[in-house]
Every structure is written in structure tokens, then in C-alpha cells.
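Student: Pasting in a structure now, in C-alpha cells, and then I'll have a few things to ask.
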Amino acid sequence: MGKIAKRAKHNGGLLVHKNVVMANAITQAGQGLNLAEKRIIFAVIAKMSGKIDSSGFVKLTASEYSATYNIPVDLAYTQLKSASEGLFNRYISLREDDAKGVLVSRFRWLDACKYHDGCGFVIISFSKHVIPYLIDLDEKFTKYKLQQACALRSVYSWRLLELLKQQSNCWLHISIDDLHYAFETPASIRNNFGKLRSKIIEPAVRELTAKDGWRIEWEAQKEGRRVASLLFKFEKAAQRETRGA
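Numbered per full-length UniProt numbering, the sequence shown spans residues 1 to 245.
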């Protein structure tokens with residue numbers, strides 16, 4: 001176990017400093033992933049570094065997963081195995097405006113997913129529909145260090161991180177409908193802004209503040225009596241220090 005832990009620390013140390021890079025369309029999409037599934041998918045995206053070899057397959061080991069997300073190796077084995085069983089059936093949903101309205105595209109994240117029970121690793125291949133949103137991007141993309149999300153325990157916090165990182169001007173104005181779509185909030189919350197605020201937005205803001213050094217202020221904007229959009233103003237600790245220098 002000592003050798004495994006040592007190897008996990010080395011591999012994770014490399015992986016956490018890599019960038020997650022994806023098209024903004026993925027950032028804004030309904031990603032359809034629980035926390036363990038998102039950890040796997042986005043660790044692999046970071047490992048790819050915007051490129052993919054001719055095989056199309058990328059390998060993620062339990063030791064890498066353990067060190068990256070700071071969890072015990074035996075739990076990493078369990079999560080990799082459990083998540084890999086459902087990953088093939090996870091879909092991403094994209095919305096795009098066209099001349100006739102809104103086009104909704106829905107496709108699988110993966111073409112293939114293999115888990116090796118004895119050795120504790122997963123090998124995945126992204127679907128041909130997803131790959132163009134992940135490689136060779138030169139505009140309209142979201143980029144952040146995987147390390148920024150490693151300590152997060154909520155998918156909602158991670159999704160808010162991605163929406164904020166999509167912006168370069170330190171503010172995000174998003175319609176309430178687009179937020180619900182990206183967060184894939186349950187119907188009980190979609191129809192109750194109080195629950196959205198108390199169960200999703202405020203906990204996500206607190207977690208990003210505590211674990212990744214964000215300063216976030218936000219407000220609800222109404223049209224009539226209905227909350228129609230949210231405005232987030234934000235900065236990171238490093239940005240505040242730079243301005244104060």
C-alpha cells in the first residue's frame with residue numbers, strides 16, 4: 001500500500017496542475033454527471049491537454065484519481081468501478097439558437113468505457129460528437145486548473161466555477177432558465193427560487209470561497225414578480241493581491 005500511495009501522490013501532483021479546457025458550449029450544457037462521474041471525465045480531459053492520440057483512448061488509474069481528489073486509494077478503486085458502470089449511458093445536452101428557435105442536441109459523452117477490476121484503472125474514449133468540443137480549441141473556450149475543483153464536494157459548486165471561469169471580465173449575467181439548464185436542477189427547485197438560493201447558489205458560493213479563494217457577490221434580477229436572471233460579480237484572491245500591489 002505504501003508503494004501505491006507514493007505513486008498516487010506523484011501522478012496526482014502532475015494531474016492537478018493540468019488545465020481543463022473545453023468549448024463554452026460544454027460549459028453551458030446540461031452535463032448529466034454526478035460528482036464521481038464528473039471527476040473521472042474531467043480528470044481525463046485535463047490529462048488530454050487538448051490533444052488526443054490516434055487510438056482515441058485515455059487511461060485514468062485509481063492512484064491518479066486518489067491523489068488528484070485526495071481520497072483513499074481503496075475508495076478510488078470503488079468510485080472508479082461504480083462510476084465506470086454508468087458512464088457509457090451519460091448524455092450531454094447542448095442548446096443552440098438558430099433561425100427557427102432553439103436546437104437541442106443530445107449525445108453520449110463516451111464511445112467506450114473499460115474498467116480493469118484487478119489493476120484498478122479505467123480507459124475511456126470520447127464520442128465523435130464530443131471530441132470537437134475538447135481538442136484544438138482556439139476561441140470560445142473555458143479554461144481552469146483541475147486543482148481548483150479537486151476539493152469540491154458538490155457538482156453545483158463545480159458547475160458554478162465553470163460558468164465563472166468562462167468569463168474574463170469578472171462578472172456573469174445569466175438567465176435563470178440557462179442556470180437551471182446548466183445545473184440540471186430538479187423540478188422542485190426550478191419552481192422555487194428560495195430553494196434554489198438556499199440549497200444550491202449560497203452553498204456553491206460558500207464552497208468556492210472556502211476552498212478556492214473566490215470572492216463572489218450576486219443578486220437576483222426580476223422581471224415583474226419573477227426572478228428572471230442572476231448577476232454574479234467575482235474575483236480570486238490572486239486578482240485582489242495584484243490590484244493591491
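C-beta atoms are modelled at their ideal positions from N, C-alpha and C, and glycine is treated no differently.
#1: Assess contact between the region 87–105 and the region 26–39, defined as three or more Cβ pairs (one per stretch) separated by less than 8 angstroms. Is contact present?
#2: Any idea which residues DSSP pairs T142 with across the strands?
#3: Suppose you measure from the CA of Y156 to the CA of G50; what does that come to, to the nearest Å?
#4: Compare the C-beta of I45 against all C-beta atoms of chain B and say whether one is closer than 8 angstroms.
#5: Once the 5 residues before and after residue 275 are set aside, which same chain residues still bring their CB inside 7 angstroms of it?
#6: Express the C-alpha separation of T68 and E217 in angstroms, rounding to a whole number.
#7: Pull up the DSSP beta-bridge partners for L60, would you.
#8: Mind checking whether I131 and K59 have CB atoms under 8 angstroms apart?
#9: Go through its chain and collect everything with a Cβ distance to G56's Cβ below 7 angstroms, but skip five positions before and after it.
#10: Are the region 61–80 and the region 168–182 touching by the rule of at least three beta carbon pairs closer than 8 angstroms?
#11: Assuming Q167 is part of the beta strand (DSSP E), what are its boundary residues?
#12: For the alpha helix (DSSP H) that contains A99, what are its first and last residues?
#13: Which residue marks the beginning of the beta strand (DSSP E) containing S127, and which one marks its end?
#14: Jot down the residue ranges of each uninterrupted alpha helix (DSSP H) in the region 149–219, minimum 4 residues, whole runs only, in chain order.
#15: By Cβ distance below 8 angstroms, which residues in the same chain neighbour S154 in space, the five residues on each side in sequence not counted?
#16: State the DSSP-derived secondary structure class of A76, mapped to helix, strand or coil.
#17: By how many angstroms is the C-alpha of G224 removed from the C-alpha of R215?
#18: I'd like the list of long-range same chain contacts for R226, defined as Cβ closer than 7 angstroms, with 5 residues on each side in sequence excluded.
#19: Does the region 14–26 come close enough to the region 137–153 that 3 or more CB-CB pairs lie under 8 angstroms?
#20: What residue range does the beta strand (DSSP E) around F232 cover?
#21: Please look up how many angstroms separate the CB atoms of V21 and F141, rounded, as I've assumed it's under 8 angstroms.
#22: Assign M100 to buried or exposed, taking buried as 16 or more other Cβ atoms, counted over all protein chains shown, within 10 Å of its Cβ.
#23: Can you grab the Cα-Cα spacing for the pair K143 / Q166, in whole Å?
Tutor: Considering the structure as presented:
#1: yes
#2: M22
#3: 24 angstroms
#4: Looking at the structure shown, chain B is missing, and only one protein chain is on hand.
#5: Outside the displayed span of the chain (1 to 245) sits residue 275, for which this structure offers no information.
#6: 29 angstroms
#7: V122
#8: no
#9: S125
#10: no
#11: Neither: Q167 is in no beta strand (DSSP E) and is coded neither H nor E.
#12: Premise fails: A99 is in no alpha helix (DSSP H) and is neither H nor E.
#13: Run containing S127: none; DSSP gives neither H nor E here.
#14: 155–165, 176–183, 187–190, 202–212
#15: L35, P203, A204, E207
#16: helix
#17: 29 angstroms
#18: none
#19: yes
#20: 226–236
#21: 6 angstroms
#22: Here residue 100 is Lys; the residue named in the question, Met, does not match the sequence. Exposed is the call here.
#23: 7 angstroms
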